[in-house]
Amino acid sequence: MSDLITVTGVVGSDPRAIVTSQGLPITSFRLASKRRFFDRAAGTWQDGETNWYTVSAFRQLAFNAGASLHKGERVVVHGRLKLRAWTAGDKAGTSVEIEADTIGHDLVFGISQMRRLQPARDDQGADASALDARDGTLSSDDGAAGFATGGDAIAGDELRPEATDDERDGFASFDPSSEDDPEDDAEREASMTDEAFALPGGRPF
């Protein structure tokens, strides 16, 4: 199963960044998407069920997502929907995953400030590898370590507009920690192995 899908939701776990033994950078996080609908009979907004996805980003997107995203933030994810079987000890199941092509903050709920990253250069002026083998960080044009620390994603409060009453009701605050994630840490660990993300030909970052 491999279909394109676009999902809006809340980052439901702290993004986890790894580099496989093949040298492939991956950032993975849980995404909680809750549907809300207006009940005309009751005249109020109601909560629907929460769908959970494991989102995986690769290569440059993995670096940028790892430096930009935090648990609890609203995001939009577009990518390929996949079903992956997993095993963790005596447990087994199927994970619903999105292999992301693009990820961004959902600007209905706030504002972002984009910062373009530039390749680090060595003493001879040549482009150095984006990944520092010593600490797994990505250098930006101002020397910030992108993979380890993100820049200020949200600008000052004075630029944040007040939400309307309809927006407060229709887009109520959603705390992913209050929802039961059907996949626990052991299951996530099982889905983040080298074998799970091995690519034919070992394409480099």
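Residue numbers (my numbering): 15 to 219. Built from N, CA and C at the ideal position, the CB exists for glycine as well.
| query | result |
| --- | --- |
| Sufficient close CB pairs (3 or more, under 8 Å) joining the segment 97-104 to the segment 39-49 | no |
| Alpha-carbon spacing of E113 relative to G93, whole angstroms | 5 Å |
| 9 Å Cβ cutoff met for V122 and R88 | yes |
| G23 burial status per 10 Å Cβ neighbour count (16 or more: buried) | buried |
| Residues bridged to P39 (per DSSP) | V33 |
| G23, enclosing beta strand (DSSP E) - first and last residue | D17 to V25 |
| Sequence-distant residues of its chain with Cβ nearer than 7 Å to S27 (five each side left out) | F43, R44 and K85 |
| Proximity below 9 Å, CB of L75 to CB of I117 | yes |
| N-terminal and C-terminal residue of the alpha helix (DSSP H) that F77 is part of | R73 to S82 |
| Chain-order list of residues whose beta-carbon lies under 8 Å from that of A106 (same chain, five-residue window excluded) | A99 and W100 |
| Reduced DSSP secondary structure (H/G/I, E/B, other) of G125 | A quick correction: the sequence has Ile, not Gly, at residue 125. Residue state, collapsed to three classes: coil. |
| Span of the beta strand (DSSP E), counted from its first residue to its last, around K85 | No beta strand (DSSP E) contains K85, which DSSP labels as neither H nor E. |
| First and last residue of the uninterrupted beta strand (DSSP E) at D115 | K105 to H119 |
| DSSP beta-bridge partners of L131 | In the DSSP output, where bridge partners are listed per residue, L131 has none listed. |
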